[in-house]
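Okay, so the sequence shown: first residue is 1 according to the working numbering, each after it adds one. Yeah, the Cβ is synthetic: ideal placement off N, Cα and C, and Gly gets one too. This structure is a prediction, so every number in the text was calculated from the model and none was measured. What follows is a short report on a single structure.
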Amino acid sequence: MKYKIIDNFLSDLEFNELKSHVLPFQSRIFGPQDNFMNWLYAGKTVPDWAHQNPELDEPKHCKEVTDIELVNPVHDWYFANELFFEGFQSPDMRYFGALLNKIKPLAIHRIQANFTVQQEKRRRNLFHIDYNESNKRTSMNTSIFYMNTTNGPTLLEDGTEIECKANRLVTYPYDTYHTGVLCTDQPYRIVINLNYFTPEQEVLDK
């Protein structure tokens, strides 16, 4: 399985600036506020349409690469911010200039911030890819940028575990099945998922 990890992806100044907008603090409440990113409740980590398409639902081989159990449906919820999707752009995109300037995508398909909360036991979500069949693009990469360090890794379809480490960017082929593990050692786990077009020579293949 091909993937690329870059630690300390942003400078300390850039990362601290991004954290000041994205990470929650005890003195802050959820909702519209100047200079703070907004979070919306999301009911499921993998939408129903993915389960209805056999090509996109969790493949059998993915069930065999990890012994981490699936999260109970009662706890399969999270907060999200759809920052960019096929032309729609959230006002919160203004906080991500440094990240995008460093990645240098030719074009963006989708960017979403995901916020999951602490669990009593480590559980995983379903393995999935990030777009339906009609939206697959061969010149696309997927990246995850980690906003904080937790014991909730990203799992790839071959069993690779990528540690959730603050200011780390991991990139892998767009059609790689992957999933996140909910953390137990921190109050929350926040990642930025990016699907974007790249120059042909920078596209990662399985």
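* Asked: Within this structure, are the beta carbons of C183 and T150 separated by less than 8 Å?
  -> Sequence index remark: in the sequence shown, residue 183 carries index 183 (1-based). Sequence index remark: in the sequence shown, residue 150 carries index 150 (1-based). Yes, the Cβ-Cβ distance between C183 and T150 is below 8 Å.
* Asked: What does a CB cutoff of less than 7 Å around Q186 pick up in its chain, not counting 5 residues either side in sequence?
  -> Along the sequence shown, read from residue 1 onward, the residue named residue 186 stands at position 186. Excluding sequence positions up to five before and after Q186, its CB lies within less than 7 Å of the CB of Q118, N148 and T150, all in the same chain and listed in chain order.
* Grab the span of the alpha helix (DSSP H) containing A166 for me, first residue to last. => In the sequence shown, the residue the question calls residue 166 occupies position 166. A166 -> no alpha helix (DSSP H), and no H or E assigned at all.
* Asked: Do N195 and H128 have their C-beta atoms within less than 8 Å of each other?
  -> Start at 1 with the first residue of the sequence shown, and residue 195 comes out as number 195. Start at 1 with the first residue of the sequence shown, and residue 128 comes out as number 128. Contact: no.
* Asked: By Cβ distance below 8 Å, which residues in the same chain neighbour L18 in space, the five residues on each side in sequence not counted?
  -> Start at 1 with the first residue of the sequence shown, and residue 18 comes out as number 18. So the list reads L10, Y95, F96, A98, L99 and M147, once near-sequence residues are dropped.
* Just the C-alpha distance for Y41 and F79, rounded to the nearest angstrom, thanks. => If you number the sequence shown from 1, residue 41 lands on position 41. If you number the sequence shown from 1, residue 79 lands on position 79. Looking at the two C-alpha atoms, the distance is approximately 4 Å.
* Asked: Fully enclosed by the segment 79-126, which alpha helix (DSSP H) runs are 4 residues long or longer?
  -> Correct list: 97-103.
* Asked: Nearest-angstrom Cα distance between F69 and N125?
  -> Counting from one through the sequence shown, the residue named residue 69 turns up at place 69. Counting from one through the sequence shown, the residue named residue 125 turns up at place 125. Position check: residue 69 holds Glu in this sequence, whereas Phe was assumed. Approximately 9 Å between the Cα atoms of the pair.
* Ends of the beta strand (DSSP E) at S143? -> Counting from one through the sequence shown, the residue named residue 143 turns up at place 143. Residues M140 to Y146.
* Asked: V170 to N16, Cα distance in whole Å?
  -> Translated into the one-based positions of the sequence shown, residue 170 becomes position 170. Translated into the one-based positions of the sequence shown, residue 16 becomes position 16. Rounded to whole angstroms, V170 to N16 spans 19 Å at the Cα level.
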